[in-house]
Each structure stands twice: as structure tokens, then as C-alpha cells.
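Notes to accompany the following structure.
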Amino acid sequence: MRILGLCFVAFAVATFGACNHNANEPTREEVNPLRSPTGAMAKNDITRGAQKQIHQNSMVQIKLFYTMYYNEQNRPPANLEEFLKFIERDAHLEHELLKEGHVVLVLNVTPTSENIIAYEKEPYQKWMNRLVAFGDRVETMSEADFQAAKQRQGLK
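Per our numbering, the sequence shown starts with residue 7, numbered consecutively.
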């Protein structure tokens, strides 16, 4: 009797549990605020913490691909489409961040420790800082320091 009862419960869970999902209900990934923090700038410290880790790793990859492009082509990328085509096969997240405009790629610069090659489009409003990729590193910069670095480099 006990085995029959367990079989019935297992059958009910398998049958009705799988069919009980409503198409209008958010999925687990949509409910979790840490699941997809890669888009527009986060609005709170928790999602920013998760987003910052993802963006920082992506900026390191962008920096590496930019340097690789520079070394293979003997020049920096002339336009965004050229660079996106170069990374599309190997860097899906970075491709998405650049294509959607969440990360800005600086074109026609040599990847050196003095030159900004990419940065988050918007600063995190609470702390007024953003991630910035140089030719040799990625760092978090205050908005004032970022604007000064852009000015030194002659960027708008």
C-alpha cells in the first residue's frame, strides 16, 4: 500500500507539476534580480554588485579582444561593426553589451595604459562611478576622474 501511494504521488507530481506553469507567470530567471544584470545601469547596490562583476569581466574580455584586433590587423578598429564582427563568435555577452550600447567602444586608439578603449555608458548614480577599460587594465573611476581622463585623451 505504501509503495502504491508513493507511486501515485510521484505520478501526480510528474503529471500535474509539469503542466501547472502559467505562460503569464515570470520564470525563475525573471524573478531573480541577480540573474540578468547585464543591461542598463542597475538601480540599487545589490544588482549593481552583481552587474559590476559581470561588466568588469566583460570589459577585461573587450580589452583583450581590442588588443588582439590591434595586433592582428596592425591598426585599431575603425568602426563598431568591424569590431563586433571580430568578436561575435567568441564573445556573445561582450557583443551584446556593445551592440546594445551599454558599453561604449572607443575607436581608432592604440591600446595603451593611457588610452581609454571602452567604458560603461552610464555611471552608477548612487556612487557616480563607472567601469573603464584602458589598454592594460579595467578600473572603477569616479565621474570626475573619468571626465578628466576623457578630456586628456580628447574624447567627447
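From the three backbone atoms N, C-alpha and C, an ideal C-beta is built for every residue, glycine too. Quantities reported herein were computed from a predicted structural model and do not represent experimental measurements.
Run through DSSP, which three-state label would E136 get?
Reading off the sequence shown, one finds Arg at residue 136, where the question assumed Glu. Secondary structure of R136 (DSSP, three-state): strand.
For A97, the three-state DSSP class (helix, strand or coil):
A97 falls in the coil class under three-state DSSP.
Rounding to the nearest angstrom, what Cα-Cα distance links P117 and T73 in this structure?
Each residue's alpha carbon lies about 6 Å from the other.
Identify which residue in A56, M47, A97 has its Cα closest to the Cα of M66.
In the sequence as presented, Met is not what sits at residue 66; that position holds Val. Comparing Cα positions, the closest option is A97.
When you compare each of K58, K162, V144 to S119 by their alpha carbons, which one comes out closest?
Out of K58, K162, V144, V144 has the C-alpha closest to the C-alpha of S119.
Which of helix, strand or coil does DSSP assign to M65?
Reduced to three states, the DSSP call for M65 is helix.
Just mark S148 as buried or exposed, buried being the case when its beta carbon has 16 or more other beta carbons within 10 Å.
Its Cβ having fewer than 16 others within 10 Å, S148 is exposed.
Less than 6 Å between C-beta atoms, sequence neighbours within five positions excluded: which residues of the same chain meet that for D142?
The answer, listed in chain order, is S119.
Is it true that the segment 81-89 meets the segment 127-139, where meeting means three or more beta-carbon pairs spaced less than 8 Å apart?
With a cut-off of 8 Å, the segment 127-139 and the segment 81-89 do not count as touching, because too few Cβ pairs lie within range.
Starting from A124 and walking both ways along the alpha helix (DSSP H), at which residues does that stretch end?
For A124, no alpha helix (DSSP H) encloses it; the enclosing beta strand (DSSP E) starts and ends at 122-126.
R54 to N77, Cα distance in whole Å?
Rounded to the nearest angstrom, the two C-alpha atoms are 33 Å apart.
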